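Q: What the sequence shown shows, in full-length UniProt numbering, is residues 1 to 980, in sequence order. C-beta atoms are modelled at their ideal positions from N, C-alpha and C, and glycine is treated no differently. Just so we're clear, the structure is a prediction, and the values are computed from it rather than from any experiment.
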Amino acid sequence: MSPLCIGLFPHFSSFLRREIDCIRATSYIRGIILSFIMFTTRISIFLSILAYVLLGNNITAEKVFVLTSYYNILRQTMTVFFPQGITQVAEARVSVQRLQLANTLVMLSSTAEDGEIEKFLLYEETQIQRPISSATDKSDKNNGVSHKKRTDKVSDVAEKVSEKSSLLEKHDGSAEGESYPGGEVGIRVVEATARWLPDSAEPTLDKISLTVHPGRLLAVIGPVGSGKSSLLQMMLKELPLSSGKLSVNGKISYASQEPWLFAGSVRQNILFGQPYVRERYSQVVRVCALKRDFQLLPYGDRTIVGERGVSLSGGQRARINLARAVYMEADIYLLDDPLSAVDTHVGKHLFEDCISNFLRDKACLLVTHQLQYLKQVDHIVILNYGKIEAEGTYYELQATGLNFAKLLEEDHEKEEELKDPVLHPLEPLLKQISFGSASSIDDRSKVVPVEVAEEKTTGRVGGDVYAAYLRAGGNCCIVFFLFSMCFLAQFLASCGDYWITKWTNLEELRYKSLLDTNSTVLTDIVNTTTTTNSTFPEPDSDLSTEWCIYVYAAITVATIVISLGRSFLFFNVCMKASQRLHNAMFDSITRATMWFFNNNPSGRILNRFSKDMGSIDEMLPQSMIDCLQIGLSMVAIITVVAIVNPWLLLPTFVVGVIFYMLRVVFLATSRSVKRLEGVTRSPVFSHLNASIQGLTTIRAFGAQEILEKEFDNHQAPIIPLVTTYHPGLNKLNNLLKTGFPILQSSTTTQLVFKEPPKDLHSSAWYLFIASSRTFGFWLDIACLVYIVVVTLSFLVIGGDEFGGNVGLAITQAIGLTGMCQWGMRQSAELENQMTSVERILEYTRIEREPALESPPDKKPPKEWPQNGTVKFQNLFLKYNKDEGPVLKNLNFHIESKQKVGNICHQNFAQTDELATSGFITVGVRRNITDALIQHTIRRKFEECTVLTIAHRLHTVMDSDKVLVMDAGTMVVSLAFLPNN
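Quick look at the structure:
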């Protein structure tokens with residue numbers, strides 16, 4: 001999860017309200033559609049019977065219940081699956097269009113590259129047989145760089161092009177690009193103009209011409225926002241050219257301005273897919289000043305850095321980022337201000353040992369603000385507003401009298417910093433701390449650290465989860481009213497079914513009476529009438545056909561109104577529950593301790609806020625309302641069938657037991673697999689997030705294929721050697737081999753994996769789908785047997801039954817089987833979706849930072865504090881109870897209103913940076929925040945006690961005392977600065 005910016009909070013609620021409004025609208029539409037199953041069939045039956053009766057026909061049981069069976073068959077297909085299919089097709093269409101857009105962008109990029117390759121070959125063919133043009137020579141003379149004549153042939157260039165796959169993958173990977181004439185390793189830029197946005201009026205870079213040769217160090221300087229980083233982006237083919245030429249010959253390594261680390265070990269971040277060569281690795285660690293850090297880290301270079309390197313300081317991240325670039329065997333090194341995040345002594349070590357010495361035979365381009373090192377570079381380029389203002393050696397630029405002298409003012413200040421007599425007494429100590437005697441890389445820790453795994457519950461979802469969800473939706477009165485409306489809707493629907501049966505029986509009695517009357521007139525035998533009417537009761541004279549129509553119409557209209565009202569209320573409750581759960585989780589996350597963020601990558605948090613919240617918003621209400629109305633319908637149907645034929649309760653009970661057993665067995669696997677799918681989804685989000693953040697570095701190193709394979713492997717989480725999982729996972733490989741679903745119990749077991757399972761996320765999802773299909777198949781078999789039993793029972797048992805009763809029992813049985821099958825599936829899906837609520841509730845109960853204010857019984861006096869005295873006495877602090885202390889035995893006393901600067905080799909406390917995105921450069925952001933902080937400290941905290949943590953000595957020049965720390969211990973206790 002990216003760190004939260006305070007300025008985001010005023011806008012977050014408005015974004016959330018808009019999203020909630022959209023979700024609420026779609027939920028109400030979905031509620032209307034789901035209500036169709038309650039009344040669409042009944043409306044169709046009512047209108048058909050009404051039209052049939054009004055045309056002068058008499059209804060019979062055969063006609064009514066054949067019609068009812070027909071509409072019941074269509075009911076689930078037309079009212080559930082068909083609207084659902086339309087919705088899913090629409091959503092799939094949008095998803096396919098978005099994927100198509102992404103794929104189109106990739107194809108356009110490849111096509112553009114092919115065109116650029118053709119233009120490049122034409123350029124080589126015209127330029128290869130002759131020296132560089134006079135204009136180019138002139139430009140090179142201005143650069144102070146000499147060139148050889150190039151006489152290579154086109155065939156040699158074509159052979160080099162074919163050998164370097166990066167030429168075909170400029171945007172997809174390695175920045176090994178086009179070779180320029182002569183085949184000499186280096187970079188050549190001729191009159192290059194580039195824009196980030198094609199329609200931008202002002203170019204980002206304007207008519208840039210320079211050359212980078214092997215064995216030469218070129219420094220690019222300039223004010224913040226001048227285009228220094230954009231120049232490197234252009235050389236990496238990230239910033240597209242509008243005009244001009246760019247030729248790259250050789251393998252490029254790149255160190256970004258903002259360090260990019262992924263959630264692996266320090267060694268993995270340095271190697272970045274390169275083979276481990278111990279000698280070179282040791283050299284890189286030494287020149288990048290990482291030896292002492294490895295000694296202090298708990299697992300040495302095997303320490304897990306966490307997402308974005310949260311377990312490291314800013315200086316450590318910068319040096320590891322530089323070490324990754326230096327470790328890679330490349331021809332050209334592009335270093336984007338690698339010295340800005342380290343203190344002065346470490347920066348001097350990095351420049352002299354790493355950049356000047358270790359890379360002395362390579363073509364190196366260094367972007368820097370550390371102007372004190374410019375005397376030692378071979379060539380300097382001054383950028384301003386995207387243009388080259390001046391270039392040459394240090395002394396050539398100094399002799400021009402340009403604004404270079406003004407730029408050097410800060411240089412002299414920083415250079416004098418080490419010679420300042422004020423800090424002279426601390427200088428030997430700081431040097432000793434910065435470069436402690438570390439003879440070798442500490443390999444003491446052979447135990448690989450285990451990343452904190454995401455929690456995964458087992459067993460069935462508890463009733464407290466359902467209760468918490470309902471409480472979030474409303475109080476007890478609202479929930480009671482909602483369930484009352486659900487009961488009332490089902491009662492009215494059952495009344496409609498009963499009434500059509502009663503109406504049909506009445507019409508059958510009238511028809512029998514009419515036949516008996518006709519028989520009496522023809523035969524004049526009174527006893528015949530008496531005998532015939534002895535079986536059937538006289539029809540109720542108060543219930544005429546018109547009256548039956550009115551009652552049926554009233555029941556149908558009431559069913560429609562109550563069903564729609566129930567759906568609107570239900571989805572309103574679900575929306576409130578979803579919103580309150582989201583707010584509770586967001587509030588809990590924003591108040592969580594830093595330990596939580598350091599041990600939980602952003603993918604886990606994004607997983608809860610995206611996939612789990614999406615399930616609660618969209619899928620859970622649908623499953624829950626289906627379970628409610630289908631459950632009530634099943635109760636009503638069983639009641640009706642029992643009234644018609646009590647003997648049918650026996651097979652109904654047997655089928656119910658079979659359904660329940662199938663559901664128990666299915667849920668044992670599906671519930672655990674659903675939880676597993678949720679857990680294994682988090683690494684996918686984390687990996688994708690990290691890849692997007694480091695996209696430029698990944699492309700510069702040509703590591704797309706590695707990251708793609710890692711993405712496939714990240715379908716499986718990082719699994720320790722011994723862990724707890726559902727036993728169904730132990731059969732996962734068998735499942736993939738056989739293709740048959742495996743149903744397991746919900747008990748836990750210990751599994752030992754020598755290697756992490758591959759593609760576990762997709763496998764878990766496949767297991768869930770396969771088990772669902774098997775569950776549905778066996779439900780279909782049970783339903784078919786039940787329909788056969790109900791139908792044959794009327795033939796076997798016999799008896800004088802009304803046709804309406806028989807038709808009602810059979811049609812209700814057919815409807816019951818369909819509802820049972822769908823209801824069992826939805827009840828299982830409900831419990832699976834409730835795992836999302838369970839995961840959300842987990843994040844609402846995470847440990848929080850202490851309250852900002854003390855409780856009333858522990859509040860200090862109003863006049864407290866009377867002074868700002870701070871006292872540390874034998875203080876030990878640790879981030880985790882299972883780890884060692886990071887601050888050890890601190891003892892010092894700070895008087896009121898004193899300003900204390902805390903200086904250390906590197907800050908080993910875990911810190912986070914506020915991250916922003918856009919076109920504001922890192923240098924601009926750093927300058928704005930640094931100036932604002934310094935100004936605020938001086939003006940607002942004049943009467944306060946201030947502790948300032950700094951890597952640069954000039955930052956604490958206004959302090960009264962300096963506290964020097966190293967490796968969590970106090971080296972110098974509150975030394976007074978001589979000028980204070």
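Let me know if R308 comes out buried or exposed under the rule of 16 or more other beta-carbons within 10 Å of its beta-carbon.
A: Classification of R308: buried, given that the 10 Å Cβ count is 16 or more.
Q: Excluding the five sequence neighbours on either side, which residues of its own chain have a C-beta within less than 7 Å of the C-beta of L339, listed in chain order?
A: If we look at L339 and ignore the five residues flanking it on each side, its Cβ neighbours are G347, L350, F351, T368, Q370.
Q: For the segment 258-297, list the alpha helix (DSSP H) runs that are entirely contained and at least 4 residues long, ordered along the chain.
A: Runs of the alpha helix (DSSP H) inside the segment 258-297: 266-271, 278-287, 291-296.
Q: Compare the beta carbon distance of L322 and L365 with 8 Å and say whether it is the shorter of the two.
A: No. Outside cutoff.
Q: Rounded to the nearest angstrom, what separates A668 and I29 at their Cα positions?
A: Taking the straight line joining both Cα atoms gives about 33 Å.
Q: According to the Cβ coordinates, are T811 and S27 closer than 8 Å?
A: Result no, Cβ atoms of T811 and S27 do not sit closer than 8 Å.
Q: Taking only the alpha-carbon atoms, compute the straight-line gap between L695 and G603 and give it to the nearest angstrom.
A: Using only the alpha carbons, I get a separation of about 17 Å.
Q: Using the DSSP secondary-structure output, state which residues sit across from Y254 in a beta bridge.
A: Answer is L334.
Q: Just how far apart, CA to CA, sit T393 and Q372?
A: Rounded to the nearest angstrom, the two C-alpha atoms are 14 Å apart.
Q: Whole-angstrom Cβ separation of T559 and F39, contact assumed at under 8 Å?
A: The pair is a contact, with the Cβ atoms about 5 Å apart (cut-off 8 Å).
Q: Can you say whether S672 is buried or exposed, counting buried as having 16 or more other CB atoms within 10 angstroms of its CB?
A: Answer is buried; the Cβ neighbour count reaches 16.
Q: Using 8 Å for Cβ pairs, my map puts L877 next to V886. What's the rounded Cβ distance?
A: Yes, L877 and V886 are in contact; Cβ-Cβ is about 6 Å, under 8 Å.
Q: Please classify I846: does DSSP put it in a helix, a strand, or coil?
A: Here I846 sits in coil by DSSP.
Q: Quick check: the Cα distance between K888 and Q873, rounded to an integer number of angstroms?
A: The alpha-carbon atoms of K888 and Q873 are separated by roughly 11 Å.
Q: Which residues mark the beginning and the end of the beta strand (DSSP E) in which D958 is found?
A: Where D958 is concerned, there is no enclosing beta strand (DSSP E), given that its DSSP letter is neither H nor E.
Q: Go through its chain and collect everything with a Cβ distance to residue 982's Cβ below 6 Å, but skip five positions before and after it.
A: Here the chain has residues from 1 to 980 only, and residue 982 is not among them.
Q: Report the option in N103, W196, G823, K961 whose CA atom is closest to the CA atom of L662.
A: Taking only the C-alpha atoms, the option nearest L662 is G823.
Q: For the segment 323-369, list the alpha helix (DSSP H) runs that are entirely contained and at least 4 residues long, ordered along the chain.
A: Within the segment 323-369, the complete alpha helix (DSSP H) runs of at least 4 residues are 344-349.
Q: Rank L543, F775, I658, F481 by C-alpha distance to the C-alpha of N572 and give the top, closest one.
A: Ranking L543, F775, I658, F481 by Cα distance to N572 puts F481 first.
Q: Compare the beta carbon distance of L830 and F659 with 8 Å and say whether it is the shorter of the two.
A: Taking 8 Å as the Cβ cut-off, L830 and F659 do not qualify as a contacting pair.
Q: Specify whether the segment 573-585 and the segment 839-848 touch according to this definition: at least 3 beta carbon pairs, one from each stretch, less than 8 Å apart.
A: These segments touch.
Q: Looking only at DSSP bridge pairs, what is F892 linked to?
A: F872.
Q: On the DSSP bridge assignment, give the partners of D966 in chain order.
A: Looking at the DSSP assignment, D966 forms a beta bridge with T969.
Q: Along the beta strand (DSSP E) that carries K63, what are the first and last residues, could you check?
A: Counting along the chain, K63 falls outside any beta strand (DSSP E), though it belongs to the alpha helix (DSSP H) covering 61-76.
Q: If we ignore side chains and look at the alpha-carbon of each, how far apart do G215 and P223 end up?
A: So the two alpha carbons sit approximately 27 Å from each other.
Q: Report the CB separation of T204 from L239 in whole angstroms; it is logged as a contact under 8 Å.
A: That belief holds up - the Cβ atoms of T204 and L239 are roughly 7 Å apart, short of 8 Å.
Q: What does DSSP give as the partner residues of A770 in its beta bridges?
A: For A770, which the question treats as bridged, DSSP gives no partner whatsoever.
Q: So what's E389 in DSSP terms, helix, strand or just coil?
A: Strand at E389.
Q: May I have the straight-line CA-CA distance separating F666 from F272, to the nearest angstrom?
A: When rounded, the distance between both Cα atoms is 43 Å.
Q: Would you kindly report the start and end of the unbroken beta strand (DSSP E) that includes I562?
A: Counting along the chain, I562 falls outside any beta strand (DSSP E), though it belongs to the alpha helix (DSSP H) covering 545-590.
Q: Where does A703 sit, in a helix, a strand or coil, going by DSSP?
A: Reduced to three states, the DSSP call for A703 is coil.
Q: Note down, in chain order, each residue of its chain lying with its Cβ closer than 6 Å to the Cβ of E19, except the 5 sequence neighbours on either side.
A: Result list for E19: empty, nothing under 6 Å.
Q: Within this structure, are the beta carbons of E708 and W765 separated by less than 8 Å?
A: No, the pair does not count as a contact, with Cβ atoms beyond the cut-off.
Q: Check for me: the beta strand (DSSP E) holding H379 runs from which residue to which?
A: Run containing H379: 379-384, per the beta strand (DSSP E) assignment.
Q: Beta-carbon within less than 7 Å of P865's beta-carbon, same chain only, minus the 5 sequence neighbours each way: which residues are those?
A: Nothing listed; no residue qualifies.
Q: Quick check: the Cα distance between P683 and G463, rounded to an integer number of angstroms?
A: Going by the C-alpha atoms only, they are around 29 Å apart.
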